[in-house]
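Accompanying notes for the structure given below.
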Amino acid sequence: MQPSALFILALFVLLGARNGAGSMGQGALFALMVFGSILVHELGHAFLGRANGLGHIDITLHGFGGFTRFERPPAPRQGLVVTFAGPAASLLLGVVALVASWFLGPGLPDLLATNAARINLFWGVFNLLPMYPLDGGLLTWHGLSLVIPRARALQWAARVGVLVAVAVGTYAVVFQEIFIGIIALMSLAQTVPLAIERERH
Numbered sequence: 019m020q021p022s023a024l025f026i027l028a029l030f031v032l033l034g035a036r037n038g039a040g041s042m043g044q045g046a047l048f049a050l051m052v053f054g055s056i057l058v059h060e061l062g063h064a065f066l067g068r069a070n071g072l073g074h075i076d077i078t079l080h081g082f083g084g085f086t087r088f089e090r091p092p093a094p095r096q097g098l099v100v101t102f103a104g105p106a107a108s109l110l111l112g113v114v115a116l117v118a119s120w121f122l123g124p125g126l127p128d129l130l131a132t133n134a135a136r137i138n139l140f141w142g143v144f145n146l147l148p149m150y151p152l153d154g155g156l157l158t159w160h161g162l163s164l165v166i167p168r169a170r171a172l173q174w175a176a177r178v179g180v181l182v183a184v185a186v187g188t189y190a191v192v193f194q195e196i197f198i199g200i201i202a203l204m205s206l207a208q209t210v211p212l213a214i215e216r217e218r219h
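Quick note: the sequence shown uses our numbering, first residue 19, plus one each step.
Right, dumping it as structure tokens:
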């Protein structure tokens, strides 16, 4: 867990503290629910990576999500399966949380289940956008690698990612979605250099 993740956890608690000790506790539970959801997403990658023999696996959580690192890079077909497993885990958790919310009465458990459903369903779909290095961008890379060399596939995945990140960033500005805008900027920071570097060769 990187320090930025601990900072976000503390921020949720401090924001809740403005409304009293009870709200502070709710803020902490909400933060743990968010990072628990991220961990489930990354475990989806990890379990399929283990099943495909990718060696030692590390999961890192940070302030804007998480990532899973494998000892051996996956082949394109393995990459498609392992990469899709993350969003699939998020969507499954979102559906389970949504169903659970239908049976819970009003109160904190229902609130947490409802938020878990919203977060995981949204993130599961959003993460499939072809915006490198989100899972959708990685799926684009692995998919293209089936028909063209990996270096060239990465170039095209980066180009598509730039276009999608610009569109997402524009949406974020128009509708004042700060978190989505930050993700778009982070994507551009990685995709633009990749595209430029590949074009020089």
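Heads up, the beta-carbon is just placed ideally off N, CA and C, and yes, glycines get one too.
A quick note: this is a predicted structure, and the numbers were derived from the prediction, not measured.
Compare the Cα-Cα distances from residue i to each of the options and report the closest residue.
i, options, result
"L172", "G187, N138, M149, T188", "M149"
"V100", "W159, T188, P124", "W159"
"L156", "A107, V186, A134, T209", "T209"
"N145", "A135, P124, A106", "A106"
"P21", "V117, T78, L147, F197", "T78"
"A115", "G84, V58, T86", "V58"
"L206", "F197, L66, R177, M51", "R177"
Once the 5 residues before and after residue i are set aside, which same chain residues still bring their CB inside 6 Å of it?
i, result
"Q96", "N70"
Return the CA-CA distance between residue i and residue j, expressed in angstroms with no decimal places.
i, j, result
"L139", "V182", "20 Å"
"G179", "P151", "8 Å"
"L164", "P94", "6 Å"
"L27", "A49", "6 Å"
"F25", "M19", "11 Å"
"G212", "L47", "The sequence given here has Leu at residue 212, not Gly. Their backbone Cα atoms lie some 38 Å apart in a straight line."
"L129", "L110", "18 Å"
"A175", "S41", "43 Å"
"N133", "P91", "34 Å"
"G43", "L33", "10 Å"
"S108", "F121", "21 Å"
"Q194", "I137", "18 Å"
"G142", "F53", "14 Å"
"L62", "G125", "Correcting the residue identity first, residue 62 is Gly in this sequence and not Leu. Computed Cα separation, rounded: 30 Å."
Need the endpoints of the alpha helix (DSSP H) that residue i sits in, please.
i, result
"L110", "94-121"
Can you tell me where the beta strand (DSSP E) with residue i in it begins and where it stops?
i, result
"F82", "Here F82 belongs to no beta strand (DSSP E), and DSSP marks it neither H nor E."
Excluding the five sequence neighbours on either side, which residues of its own chain have a C-beta within less than 7 Å of the C-beta of residue i, listed in chain order?
i, result
"V113", "none"
"F30", "G45, A46, F48, A49"
Spell out whether any CB of chain B is found under 8 Å from the CB atom of residue i.
i, result
"A213", "Going by chain labels, chain B is absent from the structure shown, which holds only one protein chain."
Using only the heavy atoms of the ligand GTP, determine whether one of them is closer than 7 Å to the beta carbon of residue i.
i, result
"A169", "By its list of ligands, the structure shown contains no ligand whatsoever, and the ligand GTP lies outside what it can speak to."
Sequence ranges, alpha helix (DSSP H) only - wholly within the region 127-214, length at least 4
153-163, 168-192
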